[in-house]
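Every position in the sequence shown, counted from 1, becomes a number in the numbering used here once 2 is added. Structure first, then comments.
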Amino acid sequence: MNEQRFTFSTARFHKSSVLQNQERTEETQRPRKAGNRVCWQITVTALGILCFFRLVSVAVMVINIFQYSQEKHELQETLSNLHHNYSTMQNDINLKEEMLRDMSTEYSAVNHFLDFLNREKNRCYNKTKTVLDSSQHSGRGVEMHWFCYGIKCYYFIMDRKTWSGCTQTCQNFSLPLLTIDDEDELMFLHLLVTPDSYWIGLSYDNKKSDWTWIDNNPSKLLQGKQRDNLEDFGNVLWNLT
């Protein structure tokens with residue numbers, strides 16, 4: 003009987019010791035599991051924050067790349083427009099330079115033609131220079147040049163007088179003062195007489211406000227023109243009454 007008690011007590015004691023060891027093991031493992039869980043949470047949080055910042059960085063880079071691409075496209079378009087404008091301006095400059103060269107050539111040709119006319123005028127003056135004997139009227143001779151244009155012959159009397167005096171001089175030689183009703187003839191005479199001045203048979207009546215030739219015919223070239231606006235007549239002079 004005593005042996006059974008002892009055995010039972012020993013078994014009971016052994017069993018209780020095993021239970022105590024298990025409880026101690028569980029108690030030591032619980033803090034380890036809690037510590038591992040905290041470390042894992044910290045790691046996950048850190049990784050999440052890191053991933054968030056990386057995503058933000060990637061988003062910023064994408065936005066910057068998009069803006070850079072857009073600005074690059076705008077700059078390329080602006081550069082293309084500048085090249086186009088430069089090309090257009092260069093073409094305009096080349097065209098104007100070509101026009102200027104053409105105008106210079108035409109101007110040179112006109113100058114040569116004017117020089118030719120002046121030489122011809124001087125040659126004609128030298129060949130056609132005569133002295134009219136007007137001693138019966140004025141007591142002296144009058145120098146005169148003449149030449150023909152078409153069916154007309156023109157006499158340039160080199161005598162400085164008023165319009166009335168020139169009219170009288172022409173009448174003394176049975177010559178009328180010049181009348182002009184043709185624009186081509188006017189331009190020809192304008193080139194011929196420059197830079198001298200000569201009277202013609204034109205009169206302006208202030209009372210009638212009208213232009214008439216010495217033969218009392220109205221002037222077709224001067225219809226509607228004022229007496230102070232006769233640029234077309236150049237160096238020819240008229241009578242003002």
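Virtual Cβ for every residue (Gly too), placed ideally from N, Cα, C.
Item, Value
"Expressed to the nearest angstrom, what Euclidean distance is found between the alpha-carbon atoms of residue 207 and residue 151?", "30 Å"
"Going by the CB atoms, is the gap between residue 202 and residue 179 shorter than 7 Å?", "yes"
"Would you tell me roughly how many angstroms separate the C-alpha atoms of residue 146 and residue 171, rounded to the nearest one?", "12 Å"
"With a cut-off of 8 Å on the beta carbons, I'd call residue 217 and residue 164 a contact; round off their distance for me.", "Their Cβ separation, rounded to whole angstroms, is 20 Å, which puts residue 217 and residue 164 out of contact at 8 Å."
"Just confirm the distance between the C-beta atoms of residue 186 and residue 223, as a whole number of angstroms; I'd bet it's less than 8 Å.", "About 11 Å; that fails the 8 Å criterion."
"Which residue from 119, 195, 162 puts its Cα closest to that of residue 156?", "195"
"Which value, in whole angstroms, describes the spacing of the CA atoms of residue 168 and residue 108?", "39 Å"
"Could you give the DSSP three-state label for residue 223: helix, strand or coil?", "coil"
"Using DSSP bridges, identify the partner residues of residue 212.", "207"
"Which residues does DSSP pair with residue 163 in a beta bridge?", "Bridge partners of residue 163: none, in fact."
"Looking at the structure shown, is residue 190 part of a helix, part of a strand, or coil, going by DSSP?", "helix"
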